[in-house]
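Residue numbers (the numbering used here), protein chains in the order written: chain A, 704 to 1153; chain B, 704 to 1153; chain C, 704 to 1153; chain D, 704 to 1153. Yeah, the Cβ is synthetic: ideal placement off N, Cα and C, and Gly gets one too. In what follows, a structure is listed as structure tokens, so that the remarks can point back to it.
Protein chains: 4
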Amino acid sequence: MNLLSPLFRSVSVEAELSDLATLQGMLDFESALARAESRAGIIPASAATSISAACHAEKFDRAALAESAAIAGNLAIPLIKQLTSLIANSDPDSSRFVHFGATSQDAIDTGMILQLRRAFELLDQDLASLTSTLSELAQKRRLTPIAARTWVQQALPTTFGFIVAGWLDAVLRHRRRIREIRPRLLTLQFGGAVGTLASLSGRAPEIAKSLARDLGLAEPAAPWHSHRDRFAESATTLGLLTGTLGKIARDISLHTQTEIAELFEPSAPGRGGSSTLPHKRNPVTCAVILAAALRVPPLVSTMLAAMPQEYQRGLGNWHAEWETLPDIFRLTGGALHHLTQMLPALEIDTQRMAVNLELTHGLIFAEAVSMAAAQRLGKSAAHALVETACARSRATGQHLKDALLSDPTIRDILPQPELDRLFDASNYFGSAGAFVDRVLAEAAQFSTLP
Amino acid sequence: MNLLSPLFRSVSVEAELSDLATLQGMLDFESALARAESRAGIIPASAATSISAACHAEKFDRAALAESAAIAGNLAIPLIKQLTSLIANSDPDSSRFVHFGATSQDAIDTGMILQLRRAFELLDQDLASLTSTLSELAQKRRLTPIAARTWVQQALPTTFGFIVAGWLDAVLRHRRRIREIRPRLLTLQFGGAVGTLASLSGRAPEIAKSLARDLGLAEPAAPWHSHRDRFAESATTLGLLTGTLGKIARDISLHTQTEIAELFEPSAPGRGGSSTLPHKRNPVTCAVILAAALRVPPLVSTMLAAMPQEYQRGLGNWHAEWETLPDIFRLTGGALHHLTQMLPALEIDTQRMAVNLELTHGLIFAEAVSMAAAQRLGKSAAHALVETACARSRATGQHLKDALLSDPTIRDILPQPELDRLFDASNYFGSAGAFVDRVLAEAAQFSTLP
Amino acid sequence: MNLLSPLFRSVSVEAELSDLATLQGMLDFESALARAESRAGIIPASAATSISAACHAEKFDRAALAESAAIAGNLAIPLIKQLTSLIANSDPDSSRFVHFGATSQDAIDTGMILQLRRAFELLDQDLASLTSTLSELAQKRRLTPIAARTWVQQALPTTFGFIVAGWLDAVLRHRRRIREIRPRLLTLQFGGAVGTLASLSGRAPEIAKSLARDLGLAEPAAPWHSHRDRFAESATTLGLLTGTLGKIARDISLHTQTEIAELFEPSAPGRGGSSTLPHKRNPVTCAVILAAALRVPPLVSTMLAAMPQEYQRGLGNWHAEWETLPDIFRLTGGALHHLTQMLPALEIDTQRMAVNLELTHGLIFAEAVSMAAAQRLGKSAAHALVETACARSRATGQHLKDALLSDPTIRDILPQPELDRLFDASNYFGSAGAFVDRVLAEAAQFSTLP
Amino acid sequence: MNLLSPLFRSVSVEAELSDLATLQGMLDFESALARAESRAGIIPASAATSISAACHAEKFDRAALAESAAIAGNLAIPLIKQLTSLIANSDPDSSRFVHFGATSQDAIDTGMILQLRRAFELLDQDLASLTSTLSELAQKRRLTPIAARTWVQQALPTTFGFIVAGWLDAVLRHRRRIREIRPRLLTLQFGGAVGTLASLSGRAPEIAKSLARDLGLAEPAAPWHSHRDRFAESATTLGLLTGTLGKIARDISLHTQTEIAELFEPSAPGRGGSSTLPHKRNPVTCAVILAAALRVPPLVSTMLAAMPQEYQRGLGNWHAEWETLPDIFRLTGGALHHLTQMLPALEIDTQRMAVNLELTHGLIFAEAVSMAAAQRLGKSAAHALVETACARSRATGQHLKDALLSDPTIRDILPQPELDRLFDASNYFGSAGAFVDRVLAEAAQFSTLP
């Protein structure tokens, strides 16, 4: 938490990735390990009880942990020392069984996975909410005319619902991706010093199974200390999601431009104001999301670049993950949360959308006219005629419809009523409505999946 | 293809991503589109025949295409012009129906997907071959002793088979990832100028279905021009795979160090030699893979950063993908191919592995002794005794076993035969063998999946 | 060179970074080395003559080099072998003195530096041309009114000349950076196998000095094989330049939006057209530059990440530079060249700039009014009054001037003539003109520097 | 500050980049602005006094600022509001003159520059200290024999002093870079809402000059709100430095490997221990630095990618800098500080260095022999003979010297005493000593520069 946390992040995701939660994640591992080893008869039941009782993050001296971690090279070593001392105070016998057979990385990795599991739950809630909001919006604006723009130039009419359905369709794909990777990520790390769990005298698989069940995690085929694809995949998956959030924010922000003014972020006292310009209304949420969309991809690159870890435990590359992966979750979680909060109150000026469709003096309908003319004249001849009319319209500012009407060939095959029809955006939506419906059907179906 | 292509890439993947293949991908789209529209009665059957007949990349003037693309802003525009001219020479009527209703991006995106499909097939062949090689190696070296190293320090004994099984386990996860994403990636792009396919007068879904079937691609819920997660996901998936290839290469290269000398890349005339040092044997394949593992992550970052594309077609961010994504496939494909080729001939010096286990004068067995002593003395007392003996051993160079034997407490509870057993690496493999077996079982099962 | 080269790159920079130029760079090193060693009496003069005579890239079999490089691990080894054979055909005695005392990396690094020197000269020509174009433009449009936009919202009036001066000012800083780093980069690499040049029996410094002078390069304090900051700095410097090119392209592209339409890339047959929309005029050059601005930063990251090279020669990280650094020069060089070519023909609609200043119904002048009113009423009271008028104007669509005039307090202190003056953009340019002049003065001064 | 701060960062750099320091940076701008405007007669002297008196970061409610920043979109807006209120309590008249004519970005950018100035001073202290340590080390170990390793294979003998001199030479270049960029970075940002400073009625240049002088910053030719090359260049410069720190750490860590054991990080209670292996001594400082060397390059890429900011103020890309740039300073500062602290106590085992030179059974001296033999036999014949002896040595394990002695041709031209000399590393250091001296001379000279 710092001064910029509320701007860039979400309170709930920050909480799951806080220092306290990091310690609790490791302690949850230690306490479940003690229970599993007690069930297996490897450590006394009383030790498991004492250890579990002590595994509460608030009990630990965080300043001391931070100092010691700088010397030890990771947080688990001093944490386990403090945990051992804590227990030794009241139950010296049990203290000997803390962290039995495990290695620092077991606690750190598994603790991180437990944190990420909760972070994913929060993301999922926001994604579900975003799905609802976008579904409603796509449905409601299914046939609302708006200019489609390519290369930031007006191209053809489309519907705002179709644009929203495109956002929604991408969001659904991300939800599917998260479902696919969660079981792969939510996997126990338990290998002891070098992955063989040698100090458990061959009973490792049994204990690992029991430990995994206790933590609600999958049991891997083998410990995976220096194989980081599980963590890296959670990073790439969030990277992909952030890309889509950025795309939505990019679109919204462009629609909010003074000269376009079709969308506005909701206004509120102090929201997006300028310190000097009383009339400004800045798209703050878009800015936050676009910032995340710039920051997350290089962080993903760090996670991938850190993968070639040396031998059975990496040197520096493992360390490089510790703050990077949580940062990715924080930024993606923040961007998602801010979008989810803002979107239901997005202000939409459908009238301005219609007005903007007229800005090209009809040029935006050139393709529609061209296609219609082609049916009588053939594609090339039609294209040539329309192109000439377009050139005239651009040069003179005359509306394309008028430019076309002044051409006898055109007037002949496309008389005024036909032209009027062609210059009505709602007659040139193509399959936009059908596409919206298909995406909505997918969204509806999605929510019933497990 | 350039001077460094054979070093960094694979001939077959390069071929699928060549200029010629790029043109053919787009032409395959155009020809399938004509057929689908002909089946739907939208264009004449004769046009489809003429168009399909002309869609062979060798027929096109590539220098002219390159020049025109620089002006038009993409390759599809001049390609379609050349295609139209080509057909117009012999069949002017049909030429009017080239690219009917489609947009440049439909051809470019779908063409790329067709290229990537073939590239994935090549990757898959190498991955299957890599799976076999690693499975055999893990099986054969299941219980071969070697020092496990953490933080580049010897830590405990492990088995070389366990190390290889870790590589294999990761490779299997990547194969699963590729299976999951392929159907999502191998999806038709067909949306016309702005995604509505307005010029097809509402028959778009029907034609899209037919076109997708013709090309063997999935049909999307809606066109997805400016939603790039499908492409970006293929990049992240290869990024993850390259990370694991880099990890394997990192490990092998470290084992080839003069001072470790446990593994060697196969020797061959001219292979890995130095221009001045007759005795060198450089790990060239590892270098190539490690280079890919450095280069691919930032390229993945480019693909993610390019996702927030403006409106209905991106400005520059779409363009940023065109060379980046193929480069990722080239580098990953090259790294994978070189590893797959090299690995079966990897030279393994198991004797040196055993010798290296002795380098710490027995310190590597300290944990084993500590665990054994703990059963009699309790963990703390045992740890303290062993630590003292370790310190003595480090200070004097005396073998730890001797240092321990000179301590009467230790000698009492761990007499020489017991100590001899503890200082035999093969008695401290823990569950390494079991873990190898589980990974091998997964590998065996994998090959029977569809 | 591939199908997309003319779009993304510049012919002249591509030529300096071609395969042929790469070989020639290494050969220039070899031939200068022979001359320096001959001058020092270490090799016969006749050998230097023969070697220099053979060092022409066209004489070499590039396909064979590429194949051999894949086995040897770099290009220099097979190149030197071919060079030796070539000379051995006619002058076997001299062939023994090829590459005497040097290592592959000496040839590869120094060759690259020679290539980059030429590439920098090309960049510099374009930067000089860009400086002129921007200077003229800033001068000519020094007081042309345009809306300044922050957060993509209209904020206040500014002048187009001030905007251009901002671009120019940044370009000048990049030119200074390039001047600073060139001497540091243009430094000989010559260290033999491990940097000690042991095979030259202590005469290395003398030969290095002579060799550096021959090549027109600086002589380093010591060989720097595994210290890559010189190369990486050329990458970061181009990364910075590309960022500014991207900023200029971002601005231009936004000004070309249909709804803003203040700037247009020059039109030409086939330029930026759409395959389906006869009226489109796409900002192709901006797209190309923005693509470079997305692609170069991650490539810079690769160069930085490759710096921690192992010992006296890196493993993989050295290899990672070979294609990455030239790619950065290609992309930056292309973006710069396309901008330099396009900008003199940029179309500027100053009338539309003026019209757009009216889009906010006067709200853009709120600050000017507020400042004027503050002189009579104090800042807070003035701000409050203007804010109320703004709110009324937004709600009703009434022009702010009218809204203000209907407020008796305002009307009292700011009668109509005064308000008219305040609503004239040219009275609210602040120090824009002075800032333009200062930047122009810097630009003028710059061209006279060495 | 979080649990990992002491591990990854330096306390002093963290302090300069803390939330408090961020606020103070902005407040220093506001207070200097008031003074400059008072000197110019634009605001009353009493206002400047009141404002300056209030500008102490501890007086502000940070939780409230954080909350408001999330709504306003930046920290400056609520900070200025709080500052205004704070002054209004006691001196309502003066409160009207807070932030007069400035914009949020003026305070944020200039505040950041003030923070970075202090951070650079801390870096510089550590760099000076690092220069001393490395100079002493290079001097002391000027001729200490060690194996040079290329591609992680032993190549030839070198001296440890030469290796250290290579590190030092790179460090000196970074110090020069920082000197070059500091004046460019340490530049005032002051432009008002859109860069024209319109509300200062043309007196902006005068006030800017006075303000810059007050803050000890350079005055720019023009405001540079959306031209971010200054900030980005500080990022690239630190990126380059971090690359060299990573290179040093990479080298040290490799030398600490159990099998090489030539260098050790200093030992201390709890330092680099393992939770399970009593004998481990992990290179913790190297890990921390290598982690930074992985994390910083992608962050640099973020700064570069954020450069193409929209119009007169970026949307999201500006925001992306706020945490990224300080993070770069934190990570680089931490890596540098930890290295600077650790290096003086680095343990060096010169005996082991000598022992390792014998590991190749003399093969490492092959080049020396080859060069000597070439003087009698010509290069090719000598190379062939030595190569044969090397092959025999590798096959049999026989020392190369013995293998050579068993060859009569060799024995003839290189009798035993001559061979003994050739197999003494100290006779094959080439110009290592001279290079060390040149670097030391540069280092000595450097400290006398301003």
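Open item on the list: Does any residue of chain C have a CB that is nearer than 7 Å to the CB of methionine 1056 (chain D)?
Closed with: Walking along the fourth sequence from the start, residue 1056 (chain D) turns up at place 353. So, not an interface residue.
Task: Start and end residues, beta strand (DSSP E) containing leucine 859 (chain B) - done: Indexing the second sequence from 1 puts residue 859 (chain B) at position 156. From DSSP, the beta strand (DSSP E) with leucine 859 (chain B) extends over 856-862.
- [ ] Tell whether a beta-carbon distance below 7 Å holds between leucine 891 (chain A) and alanine 925 (chain A).
- [x] As a working note, residue 891 (chain A) is residue 188 in the first sequence. As a working note, residue 925 (chain A) is residue 222 in the first sequence. It is not a contact, given that the beta carbons lie outside the stated cut-off.
Task: Given phenylalanine 800 (chain D) as reference, the closest of C:His1086, C:Ala743 and C:Val867 once Cα atoms are compared - done: Start at 1 with the first residue of the fourth sequence, and residue 800 (chain D) comes out as number 97. Answer by Cα proximity: C:His1086.
Open item on the list: How far does the alpha helix (DSSP H) with arginine 984 (chain D) in it extend, from its first residue to its last?
Closed with: Here residue 984 (chain D) refers to the residue found at position 281 when the fourth sequence is read from its first residue. Neither: arginine 984 (chain D) is in no alpha helix (DSSP H) and is coded neither H nor E.
Open item on the list: Measuring only the C-alpha atoms, how far is glutamine 960 (chain A) from glutamine 857 (chain C)?
Closed with: Residue numbering aside, residue 960 (chain A) sits at position 257 when the first sequence is read from its first letter. Residue numbering aside, residue 857 (chain C) sits at position 154 when the third sequence is read from its first letter. Here the C-alpha atom of glutamine 960 (chain A) lies approximately 8 Å from the C-alpha atom of glutamine 857 (chain C).
Open item on the list: Can you pull out the residues from the stretch 772-798 of chain D whose beta carbon lies closer than 7 Å to at least one beta carbon of chain C?
Closed with: Taking a C-beta cut-off of 7 Å against chain C, none of the residues of the stretch 772-798 of chain D qualify.
Task: Helix, strand or coil at leucine 966 (chain B) according to DSSP, with G and I counted as helix - done: The residue you call residue 966 (chain B) lines up with position 263 of the second sequence. Correct three-state label for leucine 966 (chain B): strand.
Task: Among A:Thr1005, A:Gly942, A:Ile754 and A:Pro1011, the one whose alpha carbon lies nearest that of phenylalanine 1032 (chain A) - done: For this step, residue 1032 (chain A) is matched to residue 329 along the first sequence. Considering only alpha carbons, the answer is A:Gly942.
Task: Residue from C:Val897, C:Leu920, C:Gly919 and C:Phe893 whose Cα sits closest to the Cα of proline 667 (chain C) - done: Only positions 704 to 1153 of chain C appear in the structure, and residue 667 (chain C) is not among them; the question remains open.
Task: Residues bridged to arginine 852 (chain A) (per DSSP) - done: Residue 852 (chain A) sits at position 149 when you count from the first residue of the first sequence. For arginine 852 (chain A), which the question treats as bridged, DSSP gives the partners A:Gln857.
Open item on the list: Is glutamine 857 (chain D) close to chain C? Criterion is C-beta to C-beta, closer than 7 Å.
Closed with: Counting from one through the fourth sequence, the residue named residue 857 (chain D) turns up at place 154. It does not; no Cβ of chain C falls within 7 Å.
Open item on the list: Closer than 9 Å between beta carbons: that is the criterion. Which residues of the stretch 922-934 of chain B meet it against chain C?
Closed with: Answer set for the stretch 922-934 of chain B: empty.
Task: Under 9 Å from the C-beta of asparagine 1059 (chain B): neighbouring residues of chain D - done: The residue you call residue 1059 (chain B) lines up with position 356 of the second sequence. Ordered by position in chain D, the residues that pass the 9 Å Cβ test against asparagine 1059 (chain B) are Thr961 and Glu962.
Task: Meets three-Cβ-pair contact criterion under 8 Å: the stretch 929-948 of chain A and the stretch 943-957 of chain B - done: With three or more CB-CB distances shorter than 8 Å, the stretch 929-948 of chain A counts as touching the stretch 943-957 of chain B.
TODO: Could you list which residues in chain A have their beta carbon closer than 9 Å to that of valine 991 (chain D), in chain order?
DONE: Counting from 1 along the fourth sequence, the entry for residue 991 (chain D) is found at position 288. Within chain A, the residues near valine 991 (chain D) are Ala773, Gly776, Gly1019 and His1022.
- [ ] Run the proximity test for tryptophan 854 (chain D): is its beta-carbon closer than 6 Å to any non-hydrogen atom belonging to the ligand COA?
- [x] The model on display carries no ligand, and the ligand COA is accordingly not part of it.
TODO: Spell out whether any CB of chain B is found under 7 Å from the CB atom of valine 987 (chain C).
DONE: Start at 1 with the first residue of the third sequence, and residue 987 (chain C) comes out as number 284. It does; some Cβ of chain B falls within 7 Å.
Open item on the list: Output needed for tryptophan 1021 (chain C): all residues of its chain with C-beta closer than 7 Å, excluding positions within five of it in sequence on either side, in chain order.
Closed with: If you number the third sequence from 1, residue 1021 (chain C) lands on position 318. When the five nearest sequence neighbours on each side are left out, the beta carbons in the same chain lying within less than 7 Å of the beta carbon of tryptophan 1021 (chain C) are those of Gln1012, in order along the chain.
- [ ] Give the residues of chain B in contact with serine 956 (chain C), contact being defined as C-beta atoms less than 7 Å apart.
- [x] Position 253 of the third sequence, counting from 1, holds the residue named residue 956 (chain C). Here the neighbours are Leu1018.
TODO: Look up isoleucine 1051 (chain D) in the DSSP assignment and give the residues it is bridged to.
DONE: Residue 1051 (chain D) sits at position 348 when you count from the first residue of the fourth sequence. Bridge partners of isoleucine 1051 (chain D): D:Leu966.
Task: C-beta contact flag for glutamate 770 (chain C) and proline 969 (chain B) at 7 Å - done: In the third sequence, the residue the question calls residue 770 (chain C) occupies position 67. In the second sequence, the residue the question calls residue 969 (chain B) occupies position 266. With a cutoff of 7 Å on beta-carbon distance, glutamate 770 (chain C) and proline 969 (chain B) are scored as not near each other.
TODO: Could you name the residues that DSSP lists as bridge partners for alanine 921 (chain A)?
DONE: Taking the first sequence and counting its residues from 1, the one referred to as residue 921 (chain A) is at position 218. Under the DSSP definition of a beta bridge, alanine 921 (chain A) partners with A:Thr890.
TODO: Can you tell me which of the three DSSP states arginine 1095 (chain D) falls into?
DONE: Sequence index remark: in the fourth sequence, residue 1095 (chain D) carries index 392 (1-based). DSSP places arginine 1095 (chain D) within a helical segment (H, G or I) once states are collapsed to three.
Open item on the list: Using a Cβ-Cβ cutoff of 8 Å, what residues of the stretch 714-745 of chain C are near chain B? List them in chain order.
Closed with: Cβ contacts with chain B: Asp722, Thr725 and Leu726.
Task: N- and C-terminal bounds of the alpha helix (DSSP H) containing asparagine 1130 (chain D) - done: As a working note, residue 1130 (chain D) is residue 427 in the fourth sequence. For asparagine 1130 (chain D), there is no enclosing alpha helix (DSSP H), since its DSSP letter is neither H nor E.
Task: Counted within 10 angstroms of its Cβ, other Cβ atoms place glycine 744 (chain C) as buried (16 or more) or exposed - done: Counting from 1 along the third sequence, the entry for residue 744 (chain C) is found at position 41. Exposed: under 16 other Cβ atoms inside 10 Å.
Task: Residue nearest to alanine 1057 (chain A) in terms of C-alpha spacing, selected from A:Phe967, A:Ala1144 and A:Phe863 - done: Your numbering for residue 1057 (chain A) matches position 354 in the first sequence. For the set A:Phe967, A:Ala1144 and A:Phe863, the Cα lying nearest the Cα of alanine 1057 (chain A) is the one of A:Phe863.
Open item on the list: So aspartate 872 (chain B) contacts chain E; which residues on that side make the cut at Cβ distance below 9 Å?
Closed with: Annotation note: the requested chain E is absent from the structure, which comprises protein chains A, B, C and D.
Open item on the list: Using 7 Å as the threshold, is the C-beta distance between serine 793 (chain C) and cysteine 758 (chain C) below it?
Closed with: The residue you call residue 793 (chain C) lines up with position 90 of the third sequence. The residue you call residue 758 (chain C) lines up with position 55 of the third sequence. No, Cβ-Cβ distance for serine 793 (chain C) and cysteine 758 (chain C) is not below 7 Å.
Open item on the list: Do threonine 847 (chain D) and threonine 1063 (chain D) have their beta-carbon atoms positioned less than 7 Å apart in this structure?
Closed with: Position 360 of the fourth sequence, counted from the first residue, corresponds to residue 1063 (chain D). Position 144 of the fourth sequence, counted from the first residue, corresponds to residue 847 (chain D). Contact: no.
Open item on the list: Taking a contact to mean a Cβ-Cβ separation below 7 Å, would you say isoleucine 955 (chain A) touches glutamate 962 (chain C) in this structure?
Closed with: Along the first sequence, read from residue 1 onward, the residue named residue 955 (chain A) stands at position 252. Along the third sequence, read from residue 1 onward, the residue named residue 962 (chain C) stands at position 259. Taking 7 Å as the Cβ cut-off, isoleucine 955 (chain A) and glutamate 962 (chain C) do not qualify as a contacting pair.
- [ ] Determine which residues share a DSSP beta bridge with arginine 1016 (chain B) and list them.
- [x] In the second sequence, counting from the first residue as 1, residue 1016 (chain B) sits at position 313. A:Thr853.
Task: Nearest-angstrom beta carbon gap, leucine 817 (chain B) and leucine 871 (chain B) [assumed within contact, 8 Å] - done: One-based indexing of the second sequence puts residue 871 (chain B) at position 168. One-based indexing of the second sequence puts residue 817 (chain B) at position 114. Actually they are not in contact, since the Cβ atoms of leucine 871 (chain B) and leucine 817 (chain B) sit about 31 Å apart, beyond 8 Å.
Open item on the list: Does the structure place the stretch 1016-1030 of chain D close enough to the stretch 1068-1076 of chain D that three or more beta carbon pairs sit under 8 Å?
Closed with: These segments do not touch.
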